[in-house]
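S.K.: Pasting in a structure now, in structure tokens, and then I'll have a few things to ask.
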DNA sequence: TCCATATATCGAGTAAAGACGATATATGGT
DNA sequence: ACCATATATCGTCTTTACTCGATATATGGA
């Protein structure tokens, strides 16, 4: 759990928005073919208006920071919030900051 | 209280370090001529190894984000943590993130 | 094996952040 | 008025981040 890396990952509105969407996937990704319990697959986030490669880069940043988990199913990769890391980060930040 | 601006301000190790030093000024700035109750004056932070102008820019970023307060006394400007804003930010982040 | 789809990575261009020294501004003292 | 000190701002350079289209990789199906 790298606090600095997480803070950098959180310092971009698009990535905050992605994390926020993932809090209630049913409110934002009901059009997804696959059940939302698996997570939300990458292409869904292109609704933010950015290109596929840019979205992939943001998801990579979130994933490297540990804020989301990924799970490959077939040709898709499903993203979920990593609630454990998020909670641990908030706890540490509340202590340290 | 601009959450995005605060997150950006926190996304640099030097600024985190400054905020951390300000938690216990007596542990880090006992050499200061002025009483620490007034705050810590800008030049004290040059101990991080950065130039005067760079330190000033970091302090400006923290101040604009509302994470520190400033108080001019004579030719010095004293910096203190803004505990109210910090607490409000942590509360909102814990809710929103 | 070949093609379609999903995602990642590459290369290049632009924008933003960080750093510096030099200079400007503000204050206080003589 | 002049000089010294503290801080901010300016101009410039370097580095990092963001974005894109194009290409590579991985999977699945025909």
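Residue numbers (this note's numbering), protein chains in the order written: chain G, 1 to 97; chain X, 98 to 194. Positions of the beta carbon are idealized from the N, C-alpha and C atoms, including for glycine. If you're wondering where the values come from, they're calculated on a predicted model, not measured in any experiment.
#1: So, using beta-carbon positions, are residue 142(X) and residue 133(X) closer together than 8 Å?
#2: At least one CB of chain G closer than 8 Å to the CB of residue 124(X): is that the case?
#3: For residue 99(X), return the contacting residues in chain G, with the cut-off set at a CB-CB distance below 9 Å.
#4: Under 8 Å Cβ-Cβ, which residues of chain G neighbour residue 159(X)?
#5: If distances are taken between C-alpha atoms only, which option among 43(G), 2(G), 94(G) comes closest to residue 185(X)?
#6: State the start and end residues of the unbroken beta strand (DSSP E) segment that holds residue 178(X).
#7: Taking residue 24(G) as the reference, give the member of 90(G), 84(G), 34(G), 80(G) with the closest Cα.
M.R.: Concretely, from the data shown:
#1: No, the Cβ-Cβ distance between residue 142(X) and residue 133(X) is not below 8 Å.
#2: no
#3: Neighbours of residue 99(X) on chain G: none; closest Cβ ~11 Å, over 9 Å.
#4: Those within 8 Å of residue 159(X) in chain G number zero; the least Cβ separation is about 12 Å.
#5: 94(G)
#6: 173-178
#7: 80(G)
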